[in-house]
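**Q**
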Amino acid sequence: MSLFDKFRPLAEARASLGDHDIPPIATPIDDISSAAEGVIGGLPVILAGTNNYLGLTLDSEVVAAAREALEHFGTGTTGSRMANGSYRAHQALEREIAEAFGWPSAIVFSTGYQANLASISTLAGRDEPLLLDSDSHASIYDGARLGYAETVIFRHNDPDNLDRRLARLGERAKNALIVVEGLYSMLGDQPPLAEFVEIKQRHGAWLLLDEAHSFGAFGRQGLGLAEQLDLLDGVDFIVGTFSKSLGSIGGFCVSPHPELELMRLAARPYIFTASPSPAVIAGTRVALRKLVDGQPLRQQLWQNIHRLYAALNRLGYRLGSDQPGPVVAIILPDRATALAHWRGLLDVGVYANLMIPPATPKGMNLLRISLSAAHTSAHLDHIIESFEHLRLAA
Ligand SMILES: Cc1ncc(COP(=O)(O)O)c(C=O)c1O
4 MSLFDKFRPL AEARASLGDH DIPPIATPID DISSAAEGVI GGLPVILAGT
54 NNYLGLTLDS EVVAAAREAL EHFGTGTTGS RMANGSYRAH QALEREIAEA
104 FGWPSAIVFS TGYQANLASI STLAGRDEPL LLDSDSHASI YDGARLGYAE
154 TVIFRHNDPD NLDRRLARLG ERAKNALIVV EGLYSMLGDQ PPLAEFVEIK
204 QRHGAWLLLD EAHSFGAFGR QGLGLAEQLD LLDGVDFIVG TFSKSLGSIG
254 GFCVSPHPEL ELMRLAARPY IFTASPSPAV IAGTRVALRK LVDGQPLRQQ
304 LWQNIHRLYA ALNRLGYRLG SDQPGPVVAI ILPDRATALA HWRGLLDVGV
354 YANLMIPPAT PKGMNLLRIS LSAAHTSAHL DHIIESFEHL RLAA
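Count the sequence shown with this note's numbering and you get residues 4 to 397, in order.
This is the structure in structure tokens:
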């Protein structure tokens, strides 16, 4: 008997992928040459499997701000904001996020994962009703566990199902927190947000929208799906991450309710962890400005999205969503085909993501591409030609 015995099924599942010179899961990235190019297995590749939607990771002003903060403030904050002190720049970033939304309050966390963990576990406390979409990200499910909420799962993107489950709560619905995402990262599909907002308003419930993947890509200022659909007034909390469009690491919760500030006093993933490094905060502040002013970046991103969607549809691929977006999931019939597609693309210099169960919904085998404003027209030509060749070879 060993503590490690319980990992055996996972190890077996991992081993069943076979031996590969370049592993398809946790693929080592040898080097980064630009926001959209790198080196894998010693060969240059187009990075089409990162979440670098606006390509800001190597923006010269973002890097300069991070470098300056690194040199001035040092490598880390070495502690929690509550216990060890709250740097001015962290507070400034919170103000800037709140101002972008036109709301009174925002809180910054050390990761997007912790933003969900903190927000959900404190807003939906012990035995309080929490309604989660079945396809929710792990950080949302983990937030439910940390807060000991009474968790009710509704069918993915199904407003009627949510409506019925809220109705069953009776008066308790007024104290219920509903959580949905602005863009689901596995299939790249979007929620019927207007219907969810109508339902939450009719029941007097509360709505938290996780815009991790939609922040930066959707909306005039890049604030996400709620901005794009003019539904910011119908949302109570928005959670976002710095690790995708903003190109760094960290997360936030922003709200029209000034009482959000109280969360700082209760949220364990805020209180009991070190705050983000000064360099991360400085880079993120510049990236946020670029995101809000980033219409040209978004135009480029959407041009790339429409090109790839049109090409994959023309080639007859089954896609995870018919609503175009920066996450493009190609549903393949089985694991072997998905693996062969993944490797076929890599061999011609395109790095995408292989996504297989248990990470995927409904046991699907996916090849997932995330597009970026940093992808040039030549990158798109090459990605599309690579799919054409794979299709011919199939
Ligand atoms: C929907 C969603 N929420 C939260 C997170 C966590 O964000 P981070 O990776 O920045 O911690 C992710 C990460 O992929 C995500 O997809």
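Here a beta-carbon is modelled for each residue, glycine too, at the ideal position from N, C-alpha and C.
Which same chain residues end up closer than 7 Å to Phe-112 when comparing Cβ atoms and leaving out the 5 residues on each side of it in sequence?
**A** Ala-118, Ala-121, Gly-253, Gly-254, Phe-255, Pro-272, Tyr-273
**Q** Could you check the C-alpha separation between Lys-231 and Leu-133 for me, to the nearest Å?
**A** The question names Lys, yet the displayed sequence has Gln at residue 231. Looking at the two C-alpha atoms, the distance is approximately 26 Å.
**Q** Can you tell which of Phe-76, Val-48, Ser-258, Asn-356 has its C-alpha closest to the C-alpha of Ala-38?
**A** Answer by Cα proximity: Val-48.
**Q** For Ile-100, tell me which candidate among Val-289, Thr-154, Asp-24 has the shortest Cα-Cα distance.
**A** Val-289
**Q** Looking at Pro-329: is its Cβ nearer than 7 Å to the Cβ of Tyr-56?
**A** yes
**Q** For Val-295 and Asp-22, what's the separation of their Cα atoms in angstroms?
**A** 44 Å
**Q** Within 10 angstroms of its Cβ, does Glu-388 collect 16 or more other Cβ (buried), or is it exposed?
**A** exposed
**Q** CB-CB under 6 Å to Gly-146, same chain, minus the five flanking residues each way: which ones, in chain order?
**A** Excluding the 5 residues flanking it on each side, Gly-146 has same chain C-beta neighbours closer than 6 Å at Asn-119, Leu-120, Ile-123, Ser-124, in chain order.
**Q** Would you mind listing the beta strand (DSSP E) stretches within the stretch 242-316 that are 3+ residues and don't spill past its ends, in chain order?
**A** 254-258
**Q** Closer than 6 Å: is that where the CB of Ser-246 sits relative to any heavy atom of ligand 2?
**A** Ligands displayed in this structure: ligand 1; ligand 2 is not among them.
**Q** Which same chain residues end up closer than 7 Å to Arg-158 when comparing Cβ atoms and leaving out the 5 residues on each side of it in sequence?
**A** Ser-137, Asn-164
**Q** Determine the contact status of Leu-196 and Lys-203, defining contact as a CB-CB distance below 7 Å.
**A** no
**Q** Report yes or no: do three or more beta-carbon pairs, one from the stretch 349-361 and one from the stretch 321-328, lie closer than 8 Å?
**A** no
**Q** Whose C-beta lies closer than 6 Å to the C-beta of Ala-152 among residues of the same chain, with five residues either side of it excluded?
**A** In the same chain as Ala-152, and ignoring 5 residues on each side of it, the C-beta atoms closer than 6 Å to its own belong to Ala-127, Glu-131, Leu-133, in chain order.
**Q** For Pro-132, list the residues DSSP reports as bridge partners.
**A** Glu-153
**Q** Within a Cβ cutoff of 7 Å, which residues of the same chain sit near Ile-32, ignoring the five residues on either side of it in sequence?
**A** Gly-41, Ile-43
**Q** Helix, strand or coil: how does DSSP classify Phe-218 here?
**A** coil
**Q** What do you get for Asp-192, buried or exposed, if any count of 16 or more other CB atoms within 10 angstroms of its CB means buried?
**A** buried
**Q** Can you check which of these residues, Arg-17, Ala-18, Asn-368, is closest to Gly-323 by C-alpha distance?
**A** Asn-368
**Q** Can Ile-241 and Leu-96 be called in contact, C-beta distance under 7 Å?
**A** no
**Q** Within 10 angstroms of the Cβ of Asn-160, are there 16 or more other Cβ atoms? Answer buried if so, exposed if not.
**A** Looking at its Cβ environment, which holds 16 or more other Cβ atoms inside 10 Å, Asn-160 is buried.
**Q** Given a cut-off of 7 Å on the beta-carbon distance, is the pair Leu-59 and Gly-225 in contact?
**A** no
**Q** List, from N- to C-terminal side, the beta strand (DSSP E) runs of 3 residues or more that fit wholly inside the stretch 45-131.
**A** 46-50, 108-112
**Q** Under the rule that 16 or more other beta-carbon atoms within 10 Å means buried, what is His-93, buried or exposed?
**A** His-93 counts as buried, since no fewer than 16 other beta carbons sit within 10 angstroms of its beta carbon.
**Q** Could you pull out every unbroken alpha helix (DSSP H) segment of at least 4 residues lying fully inside the stretch 342-390, listed in chain order?
**A** none
**Q** When you compare each of Leu-291, Ala-343, Gln-306, Tyr-320 to Ala-103 by their alpha carbons, which one comes out closest?
**A** Leu-291
**Q** Please confirm if Asp-337 has its CB atom under 7 Å from at least one CB of chain D.
**A** As a matter of chain content, chain D is missing from the structure shown, which is built from one protein chain.
**Q** Give a single yes or no on whether Gly-3 has its beta carbon closer than 6 Å to a heavy atom of ligand 1.
**A** This structure cannot settle anything about residue 3, because the visible part of the chain is limited to 4 through 397.
**Q** Please name the residue or residues paired with Glu-184 in a DSSP beta bridge.
**A** Asp-213
**Q** Using a Cβ-Cβ cut-off of 6 Å (strictly less than) and excluding sequence neighbours within five positions of Arg-310, which residues of its own chain qualify?
**A** Cβ within range, chain order: Leu-383.
**Q** Residues bridged to Arg-35 by DSSP?
**A** Correcting the residue type first, residue 35 is Ile in the shown sequence and not Arg. Answer by DSSP bridge pairing, in chain order: Gly-41.
**Q** So, Ser-373 versus Asn-87, is the Cβ gap smaller than 7 Å?
**A** no
**Q** For Ala-332, name the three-state secondary structure that DSSP assigns.
**A** Secondary structure of Ala-332 (DSSP, three-state): strand.
**Q** Check for me: the alpha helix (DSSP H) holding Lys-177 runs from which residue to which?
**A** Looking at the DSSP string, Lys-177 is not in any alpha helix (DSSP H), and its letter there is neither H nor E.
**Q** The alpha helix (DSSP H) that contains Ile-202, what's its start and end?
**A** Secondary structure note for Ile-202: its alpha helix (DSSP H) is the uninterrupted segment 196-206.
**Q** Since Phe-218 and Thr-287 should fall inside the 8 Å C-beta cutoff, what is the C-beta to C-beta distance between them, to a whole number of angstroms?
**A** With 8 Å as the limit, Phe-218 and Thr-287 do not qualify as a contact, their Cβ atoms being about 12 Å apart.
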